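Q: One structure is given below, represented as C-alpha cells, and several questions about it will come after.
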Amino acid sequence: MPQFDPSVFAPQIIWLVLVFAALYLVASRALPRVERVVEDRRARIAADLAAAERARSEADAAATGRTAELGEARADALKLTGAARAEADARIAQRLAEAEAALAEKARAAEAALATARIEAIAALDEVAAEAATDMVGKVAGLEVAVEEARDAIRKVAA
C-alpha cells in the first residue's frame, strides 16, 4: 500500500495541509452565511412562537370574557323565564279563582232551583195525594170527602 510507504510521507503531509487549508478557507467564507441563515431562522421561529403565545393569550382572554357573558346571559334568561312563569302562574290562579267563583255561583243557583223544584214537587205530591185519597174514600167507603179535608188530613199525617 502506497499510503504506508515512508518515502512518500512528505508529499502526503503537504497535500494534507493544502487540502485542509482550502477546506478551512471555504468553510470560513461559507460558515458565517450558514450561521446567519440559522440565526435568522431561530429569530423567525422565536418571533412566531411569541406571536402564537400572544394569540393564545388573547383567545383565552376572549374565551373567558365570552364565558362570563354567557353566564350573565343565562342568568338574565333565568330571571326572565322566572318572571314570566310567575306572571303566568298569577294569571292562572286568577282565572281559576274566577272559574271557581262562577262554578260556586252556578252551584248555588242550581241548589236554589233544586230546592224550589223540591218544594213544588212536594206541594204537587200533596195535591195528588189529596185527590187520590178523595177518590179512594169515595170508591171504598162510598163517602164523598172534600179535597180540602183530604189535604188537611194528609198534612197532619206528614207532620
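Residue numbers (numbering that gives the first Met the number 0): 0 to 158. Glycine is no exception: its CB is placed at the ideal position from the N, C-alpha and C atoms. The structure presented is a predicted model; accordingly, all values stated were derived computationally and were not measured.
Assign T63 to one of two classes, buried (16 or more other C-beta atoms within 10 Å of its C-beta) or exposed (fewer than that).
A: Burial call: exposed.
Q: Please state whether DSSP places D202 in a helix, a strand or coil.
A: The shown model of the chain, from 0 to 158, leaves out residue 202, and the question about it has no answer.
Q: Under 8 Å: do the region 142 to 156 and the region 123 to 134 share three or more Cβ pairs, one atom per stretch?
A: In short, these stretches touch, since the Cβ pair count reaches three.
Q: Does DSSP classify L142 as helix, strand or coil?
A: Three-state result, L142: coil.
Q: Where in the region 33 to 71 do unbroken runs of the beta strand (DSSP E), each at least 3 residues long, occur, reported from the N-terminal end onward?
A: The region 33 to 71 contains no whole beta strand (DSSP E) run of 3 or more residues.
Q: If we ignore side chains and look at the alpha-carbon of each, how far apart do V7 and L30 end up?
A: Between V7 and L30, the C-alpha separation is close to 33 Å.
Q: Determine the direct distance from the alpha carbon of A101 to that of E148, and round the result to whole angstroms.
A: Going by the C-alpha atoms only, they are around 47 Å apart.
Q: Applying the criterion that 16 or more other CB atoms from any shown protein chain within 10 Å of the CB defines a buried residue, is T80 buried or exposed?
A: Per the 10 Å Cβ criterion, exposed.
Q: Can you give me the C-alpha to C-alpha distance between G137 and E99, rounded to a whole angstrom?
A: Using only the alpha carbons, I get a separation of about 56 Å.
Q: Thinking C-beta only, is R150 closer than 7 Å to A129?
A: Yes, the Cβ-Cβ distance between A129 and R150 is below 7 Å.
Q: Evaluate T133 with the Cβ neighbour count: other Cβ atoms within 10 Å of its Cβ, from every protein chain shown; 16 or more gives buried, anything less gives exposed.
A: By the neighbour-count rule (16 or more Cβ atoms within 10 Å), T133 is buried.
Q: In whole angstroms, give me the CA-to-CA distance for E52 and D39.
A: Rounded to the nearest angstrom, the two C-alpha atoms are 20 Å apart.
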